[in-house]
Structure formats: structure tokens, C-alpha cells
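Asker:
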Amino acid sequence: MNCPVLLGSGPYCSEQQEIPATELHVASLRTFIFTIKQSALVQALRLKVREQELVADVLKAEVATLRAWSPDQVNDLVIAKTCGGPKRFRPKTREELQNELSALEKKHVRALLKLKQAAEQGGGGGGGGVDAAAAAAPSVQEGPEVAVEEAPRFAPSMEDVAALMEELEELRVAVKTGVSAPLHEYCNFKLYTACFARSRAKHKVAALFKAHDINLQHQATELERLRSHNSELVQEGERLGHAARRNKDLRGKNAALVERVEALAAAHDEALEELHHAQTRLALYEEGAKMYFGSVQHLEVYSSSHVSKYCIFALEELHHAQTRLALYDEEAKLEADALRTQLASAVTEAAAAAEREASLAGDAEAGLAAAVKQAAEARHQLRARTVALEAAQGAARDAEKRTRRLQDAHDKLAADVAHLGKDAAAAETFRERLRAVNAENKTLRKRVEELAAARDAERERALRLEVASSLTASAPSQPQLPAVTPASPVPTAPASPQPQHSPTTRGDSAPPVKVLTEGDRARVARRGGLRGAPGGDRVAELADRRAALEACSPAQQALLDDLEDLAMDLSDQASLLSSQLREAQASEAASAKECGELRGAITELQHQVSAAKVVTRRLSATAPPLSTDGSAPKKPHAPLGAAHMRQVDALRAQLAAAEAERRAAARRCEALELELAAARMEADLYRTRHAAAAKELAAAVAELEAGGDDATAAAPSAAVAAAAATLASVPDIQAAAAARLRAVEAEAVKCREKREQLTVELDETAQYVVILEDRLAGLGYRVGEGGDHEPGVS
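Numbering (our numbering), first residue to last: -17 to 776.
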């Protein structure tokens, strides 16, 4: 048989040939659908752009109507409000293109006017040629159907406009030079060229509009891409949230699986415990069988059958327990494998989720750290600005205070100057009086100086004469003169107090006048007795003159005192006025000196504090140490004596013995507690054995009552007797164990009480030792190393 596949015939071959055609058709349909969707999207975007342009045109028309602006002004306003950034990296807007088009139209109109003026100046036939050229200019079709394959993306150059301007200049030169033969044809040609250039410019403007539309399409596509990217980011966030929730669910499942594994482990432990109990019961059955087999030998058949029944029952129960345990183990293994598989998958998913969460947490922490750093920098800058602001405010307050203080000083100075201006006449009168009094004072001072000089000279002469007379009277060859009383007593002036001069008296004041004393008067009386002796008249005359001078000196002294008081008053007033004037002049400089004085005072205080600290250190270094209660230091005591040492050693030995006894009692209590626990365990074992024996006895009685022949029934059962004996002995054993348990508990209670008592005694002894040591330390004693020293006396 020929295979249709190999021969290329049959339905399979036709289907194989139709597949590529179908694929091509499907591909073309997909391309067509994509093209239709893209064109529909472009048309929708173009419609939106046109609607936006229509809205913008309506708004610009309203603005132009309200403010009475031209379209160029409105376009300038729109450009200023909407466009930003360098123009190099963006296309021109509709408004900018409209402004450029209006400028080109204005230039075109100006060029046409100049051409008309030149034609009119050259001849009357040029106007029709210009109109014909304008009419022959090709019509320009405006609209969106202009081809955009060669449309520039950015603004066009102005080369064509520059060429047109050059041509206009050439025409202007030609008209001025008077070349009129081919002028009309040349003008028509140039006008046609200008119209063609204008149509090209309009085409370029339309192409620019088309390029603007393409740019808007690109912007819309970019916006759509950004929106899709934003939606992808939102989906990624949702996916991460779903992963976090799934991670949380997996953690909950993991915890449930862990709990289930723990429950299975507990069930496994219970099965093992049940197996252990089964083995324990089997051992008990074996012991009972042995006991029954040894006690009932004459009933071998019955015993063998009974033992075989028990053994079979025990084996069956053991086999059943082992089967159940195997089933439990197998079930536990299967569940453990399943749980292990689920746990592994959950751990893998949790690890992946943890990694994603860690990465997200790392990004969040990095962002948070950056935000915290920026916040810290902002706080630092804010703090620095706050400090600077506070410093500036403080400086402003200080400047305001200084300004206020200077203003107050200036006001005070102005008031003082005004007051001084008011009292200028009084000051001048005081100055005149002061000058007159100073002149009179000088005259009186000269006179007083003269009188004082004459008085001193007379006093010196009188003293010399007195010395000479005393020498003459004391000579042995000279006869002693009789005492002659004075003819007329010397008048004595009343004693006047010496004037008190103030420390402010000037240096050129008159010296004080000496007042006669009783000794001076006696010497004058003795000199009066020298009259009639050789030279005695001269001495008496001198004495009389001196007495007259001394008599008139109190009046002069009083006058001098009055004059000096008046001069002092005037000088005080003058010094007061001058000090007020100096204070008013120095008040302005006082504000500048305050800072320096304050710094000096602070420095001086610092030096004083440093000096006080140094003195305090020296005093603390040189002074003897004080006691804790502030009293004077005591002398060190002598070391403790032998009697006190023995007392302290005895107390310490008693303390050590009490501690050893307490430790022994603690060990005794621990041993008793262990013995009590062992007794409790033994009692539990007795109870278990009693229960097992009771069960065996009940089973044996039931079996004896249930079956067996007459001989078997009549024969006493040794096993029953043994079981009864065992049951009878169990209460005695239980009572003995309970008595021993009670004894051990009582002994443990006594030991515990004794331990507590020893602990209390030990604490009291330790407190007593501590108190004794504190008292010894308070008395100033110290314990010597085995020395026989008596305590010293403080």
C-alpha cells in the first residue's frame, strides 16, 4: 500500500498545505487590526488636540476682547504663562508659529508696498504687471492634508526671507539707477518669485503644524507608557501585599503543623506507654501463671489449660498492642512525611517571601535612613539658623539698650546744658565774687605772712635774749639781781581755739598763729623783771610788742577764718558746677567704658575666685583631718588586748559551730526528704501489687465458680489460698509502710524545725558579731595580730 503522506495525496496533505496560508491570513488580520486600532487612537488624539486648540482659541479671543489686545499680545501672554525652559530642547508652540507667520506676512506686505512704490516711480505701466503677477501666483492649499514626510521637527531657518530682502535691495538700487527697459518684466519675475516663496513658507508652516501634531502624539504615547508603568508598579505592590499575606498564612499553617506534629509525638508516647503497660501486665500474668503452676501440681490438666488460656490471652493482647503500635507508627510516619513535605514547601515559600520582605525592608530602611539624614540636616540647619537668629536678636537687643542708654544720656546732657544755660548769669556772678574774694584773700594772706614773719623774728630775738640772760644769771662772778615785779602787768588775751582747716584748703593759706600758754606767760613775766638791768629795757620792749601782737592775733585769726570759709564755699560751688559739666561731657564716653569695666570686674572676680581656691587647697592640705561628725580628730587607739581578742575568737568559734550545725541539719533534712520520697514510691508499689493480687484473686474465684468437675471443685485451690494469704498480708505491709512514712515525715518536720531554729540562731549570732565589730570600730579599736596590747585611752 502506498502511504498518502509520502505520495502527497489525501486529506492530510491538503490540510498541511492550508496551514501556512491560514497563518499568513491570521498574521495579516492581526496587522490590519493593529493598524486600525492605531489609526483610531491617532484620530482620537488628533480630535482631542483640535478640541484643546479650539478651547485655547476661544479663551484667547475672550482675553483679547476683555483687554482689547492684539492677537500677537495675546500669544505673547500665552507663551509667557505656559512655556518654560530652554527653547533648544522643545518645538515651537502654536502661538510662536502664529507670531512668526504674522511677522512674515507683515514683511511681505511691506515688500509689496515698496515694489508698488518703486513701480509707480519708474513708470505708470508697472501696476498692472504687479497685479498680473500677483494673480498668476500659484494658489496655496492650506489644511492638514499637507505631506509631513519632510516636515522639520524644529523651527525653520530664515534663509528665504534673507534672500527676499536682498532681492528687494537689488530692485531698489535698480530703480534708483533708472534702468527701466526690462524693469517691468524683472519686477513681474521677482514678484512671482516672492509669491512662490510665500507659498513655500505657508507649506513649511503647515508642515510645522503637522510636526507639532506628531510631537503631541509622541507625548501622548509617552504618557500612556508612563501610565502603564504606574499600573505595573501598583500591580507589583499588590503582588507584594498578596505575598506578605500568603507568608502570614504559611506561618500560621507552619505553626498548626508544628502543633500537629507535637500532638502526634504525644500520641506516639502514649502508645509506647500503653505497650509498656501491656508488657507489664504480661509479666504479671507470667508470674501468676508460674505461681499457679507451682501451687497446683495435682491439677496439671486444669493448670495447663488455665495457664495456656492466660498465656494465649496475654499473647493475643500483646500482639494486638504491637499491631496497634505498628499502625500508630506507620500512620505517624506517613503524617510526618506529609507534614515534612508541607513544611519544606512552606519553609521555601517563607524563605522566598522573607527575602522579598528583607529586600523591601532594606529599601524602606535605606529610604528611611536617607529621610532621617535629611531631617537631621534640616534640623541642624534650623538649629544653626535659630542660633544665628537668637544671636542677631541678642545683638539687636544690646544695640537697642545701648541706643536707649545713649539717648537717655543725651537727654540728660541736653537738660544739664539747658540748666547750665539758665544758670550762666548766676555762675558768672559767682565767678566775679570768687575773683574779688580771692583778691582780698591774697591781700590778707600777704599781710598775715608779714605779721607772722615779724612775730617769728621777735620770738627768736626774745629767746636769744632769754638764753643770754640765763647764762649771765648762772655765772658765779655776776651778782644776783633782785626780783623786780613788772610795773604794769602784761595783758593776756583770752585763749581762742585753733581754727580747724579742712583738707580741701589751698596750699598758699596763712600759717596758724601760735596761742600763748601759761609757760610763755611765766617767761614773759620773768623777762619783765629784767627792766633796769643792762639790756633789760630792750627785752621788755620786745616783750611788750610781742604781747600786743599776740593780743591782736585772735581778731585777725577770726577774720582769716571767715575769709577762708567764704573762699571754701565759693570754691565748692565752682567745683560742683565744673564737676557737673565734666560729668555731662563724660556721660557719652561712659557707655563705651562700661564693657571694659565689666570685663575688668569679671577678670578680677575670676582672679579672686582662683586665689580663694588656692587658699582653700592650702588650708585643706595643711589642716588636720576631721572626723565624720565634724569634731576634732582623735588620736589613734592602741590595738585590742588579749581579753577582747579571746572574746572575739570565742564569738567567731560559736558562729562557725552554729554554721556547721546548720549545714548538718540541712543535709539531714535532705536525706530525710529522699527517704520520704523512697517510702512514698514503695507505698505506691505496694498499692499496685495489692490491686494486681485482688484482680487475680477475683479472676480465680470466678473461674472456680464457673467450671470444673466435682473433684476440682472439692479440692482446695492452693492458688486461691496463696492469693488470700497475699491479700491478708498486704494490709499489714501497707500499715507498716504507712507507719514508716508517718515516722519519716515526723522526723523530717522535726529536722526542718531544727534547721529553722538553727538558722534563726545563726542570724542572731551574726548580727551580734556585726554589732560588736561596729561598736569596736566606733570606739576606735583595731584588732592586733596576736599581740597582748590593752586598749588605749583616747
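Ideal placement from N, C-alpha and C gives every residue a C-beta, glycine not left out.
The alpha helix (DSSP H) that contains Pro53, what's its start and end?
Answerer: The sequence position of residue 53 within the sequence shown is 71, counting from 1. 53 to 64 is the extent of the alpha helix (DSSP H) around Pro53.
Asker: Classify Gly270: buried if its beta carbon has 16 or more other beta carbons within 10 angstroms, exposed otherwise.
Answerer: Within the sequence shown, numbered from 1, the residue matching residue 270 stands at position 288. With 16 or more other Cβ atoms within 10 Å, it is buried.
Asker: Report yes if the C-beta distance between Glu657 and Val726 is below 8 Å; otherwise report no.
Answerer: For the purposes of this step, residue 657 is identified with residue 675 of the sequence shown, where counting begins at 1. For the purposes of this step, residue 726 is identified with residue 744 of the sequence shown, where counting begins at 1. Closer than 8 Å, so yes.
Asker: State the DSSP-derived secondary structure class of Arg628, mapped to helix, strand or coil.
Answerer: The residue labelled residue 628 in the question sits at position 646 within the sequence shown. Helix at Arg628.
Asker: Going straight from the alpha carbon of Ser213 to that of Gln80, what length do you get?
Answerer: For the purposes of this step, residue 213 is taken as residue 231 along the sequence shown, with counting starting at 1. For the purposes of this step, residue 80 is taken as residue 98 along the sequence shown, with counting starting at 1. Their backbone Cα atoms lie some 39 Å apart in a straight line.
Asker: Quick one: any contact between the segment 26 to 34 and the segment 190 to 198, if contact means 3 or more CB pairs under 8 Å?
Answerer: The segment 26 to 34, when compared against the segment 190 to 198, does touch it at the 8 Å Cβ threshold.
Asker: Once DSSP output is grouped into helix, strand and coil, what is the label at Thr47?
Answerer: On the sequence shown, residue 47 is found 65 positions in, with the first residue counted as 1. DSSP places Thr47 in helix when its eight states are reduced to three.
Asker: Of all the CB atoms in chain D, is at least one closer than 8 Å to the CB of Leu222?
Answerer: Judged by its chain identifiers, the structure shown contains no chain D, having just a single protein chain.
Asker: For Val731, count the other beta carbons within 10 Å of its own beta carbon; 16 or more makes it buried, fewer makes it exposed. Which is it?
Answerer: For the purposes of this step, residue 731 is identified with residue 749 of the sequence shown, where counting begins at 1. Exposed, by the Cβ-count rule.
Asker: Does the contact criterion of 3 or more C-beta pairs under 8 Å hold for the segment 334 to 343 versus the segment 249 to 265?
Answerer: No contact exists between the segment 334 to 343 and the segment 249 to 265.
Asker: Is Leu316 closer than 8 Å to Asn236 when the C-beta atoms are compared?
Answerer: Looking up residue 236 in the sequence shown gives position 254. Looking up residue 316 in the sequence shown gives position 334. Against a cut-off of 8 Å, the Cβ pair of Leu316 and Asn236 comes out as no contact.
Asker: Going by other Cβ atoms of all chains shown within 10 Å of its Cβ, with 16 needed for buried, is Cys651 buried or exposed?
Answerer: Looking up residue 651 in the sequence shown gives position 669. So Cys651 counts as buried.
Asker: Quick test of your reading: Arg644 and Thr741, contact by CB under 8 Å. State the CB separation rounded to the nearest angstrom.
Answerer: The count along the sequence shown starts at 1 and reaches residue 644 at position 662. The count along the sequence shown starts at 1 and reaches residue 741 at position 759. Yes, Arg644 and Thr741 are in contact; Cβ-Cβ is about 6 Å, under 8 Å.
Asker: Does the segment 342 to 354 come close enough to the segment 228 to 246 that 3 or more CB-CB pairs lie under 8 Å?
Answerer: No, because fewer than three Cβ pairs between the segment 228 to 246 and the segment 342 to 354 fall closer than 8 Å, the two stretches do not touch.
Asker: Going by the CB atoms, is the gap between Leu300 and Leu264 shorter than 8 Å?
Answerer: Taking the sequence shown and counting its residues from 1, one reaches residue 264 at position 282. Taking the sequence shown and counting its residues from 1, one reaches residue 300 at position 318. Their beta carbons are under 8 Å apart, which means Leu264 touches Leu300 by this criterion.
Asker: Give the DSSP-derived three-state secondary structure of Thr75 in the structure shown.
Answerer: Locating residue 75 in the sequence shown gives position 93, counting from the first residue. DSSP places Thr75 in coil when its eight states are reduced to three.
Asker: Please confirm if the segment 9 to 23 is in contact with the segment 33 to 49, defined as three or more CB-CB distances below 8 Å between the two stretches.
Answerer: In short, these stretches do not touch, since the Cβ pair count stays below three.
Asker: Using the Cα positions of Ala396 and Val430, report the straight-line distance between them to the nearest angstrom.
Answerer: For the purposes of this step, residue 396 is taken as residue 414 along the sequence shown, with counting starting at 1. For the purposes of this step, residue 430 is taken as residue 448 along the sequence shown, with counting starting at 1. If you take the alpha carbons of Ala396 and Val430, they lie about 46 Å apart.
Asker: Report the residue from Arg669, His185, Ala248, Glu331 whose alpha carbon sits nearest the alpha carbon of Asn229.
Answerer: To locate residue 229, count along the sequence shown from 1; it is residue 247. Measuring from the Cα of Asn229, the nearest candidate turns out to be Glu331.
Asker: With a Cβ-Cβ cutoff of 8 Å, do Ala176 and Ala93 count as a contact?
Answerer: Residue 176 sits at position 194 when you count from the first residue of the sequence shown. Residue 93 sits at position 111 when you count from the first residue of the sequence shown. Yes, the Cβ-Cβ distance between Ala176 and Ala93 is below 8 Å.
Asker: Candidates Leu190, Ala260, Val449: which alpha carbon is nearest Glu78's?
Answerer: Within the sequence shown, numbered from 1, the residue matching residue 78 stands at position 96. Nearest of Leu190, Ala260, Val449 to Glu78, Cα basis: Leu190.
Asker: Apply the 10 Å Cβ neighbour rule to Leu232 and answer buried if 16 or more other Cβ atoms are within range, or exposed otherwise.
Answerer: Looking up residue 232 in the sequence shown gives position 250. With 16 or more Cβ atoms within 10 Å of its Cβ, Leu232 is classed as buried.
Asker: Quick one: complete alpha helix (DSSP H) runs, 4+ long, within the segment 327 to 357?
Answerer: Whole alpha helix (DSSP H) segments, 4+ residues: zero.
Asker: Is it the case that the Cβ atoms of Ala638 and Arg737 are separated by a distance below 8 Å?
Answerer: Taking the sequence shown and counting its residues from 1, one reaches residue 638 at position 656. Taking the sequence shown and counting its residues from 1, one reaches residue 737 at position 755. No.
Asker: Alpha carbon to alpha carbon, what distance is there between Val354 and Leu371?
Answerer: Taking the sequence shown and counting its residues from 1, the one referred to as residue 371 is at position 389. Taking the sequence shown and counting its residues from 1, the one referred to as residue 354 is at position 372. Between Leu371 and Val354, the C-alpha separation is close to 25 Å.
Asker: Considering only the alpha carbon of each residue, which of Val752, Arg76, Ala373 lies closest to Arg32?
Answerer: Sequence index remark: in the sequence shown, residue 32 carries index 50 (1-based). Measuring from the Cα of Arg32, the nearest candidate turns out to be Arg76.
Asker: Taking C-beta to C-beta, are Glu778 and Ala640 nearer than 8 Å?
Answerer: The structure shown does not extend to residue 778, since the chain spans only -17 to 776, so no value can be given for it.
Asker: Can you tell me whether Val752 is buried or exposed, with buried defined as 16 or more other CB within 10 angstroms of its CB?
Answerer: Numbered from its first residue, the sequence shown carries residue 752 at position 770. It counts as exposed.
Asker: What's the C-alpha gap between Leu654 and Tyr267?
Answerer: Position 672 of the sequence shown holds residue 654. Position 285 of the sequence shown holds residue 267. Their Cα atoms are separated by approximately 36 Å.
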